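82 is the number that the working numbering gives the last residue of the sequence shown; the numbers go up by one with no jumps. A virtual CB, placed ideally from N, CA and C, is assigned to each residue, including glycine. All of these numbers come straight from a predicted model, not from anything done at the bench. The structure appears below as structure tokens.
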Amino acid sequence: MGANEVGDTNTFKWASTGQMLDFFEWAPGEPNGSGKEDAIYLHCWDWVDAHYDFYSPHSICEAPPLKGQSSGSHQNISTDDM
């Protein structure tokens, strides 16, 4: 589960719902789409687009809201919060 690029448009949607991402934290110069980079990963706390086969444990994932948060809320969470 995560986000992936819609065609070659540098726009991204959630794989689980098809909804377009409405929050971004791109690194400078990203997304650059060089060489069909359709996945999103974290690099130094910024987002970069990369190949699906690029090995990284830092992918951007979609998760349900934390208790007491609306579905439109954005915040940093760790796996300890889930």
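In the DSSP assignment, what are the bridge partners of residue i?
i	result
D49	I40
E5	F12
Where do the ends of the beta strand (DSSP E) carrying residue i lie?
i	result
W14	F12 to W14
E25	Where E25 is concerned, there is no enclosing beta strand (DSSP E), given that its DSSP letter is neither H nor E.
Would you check if the distance between the CB atom of residue i and the CB atom of residue j is smaller than 8 Å?
i	j	result
V48	A15	no
G7	A39	no
Below 8 Å on the Cβ atoms is my guess for residue i versus residue j; work out the distance and round it to an integer in Å.
i	j	result
N10	G33	5 Å
E37	H51	6 Å
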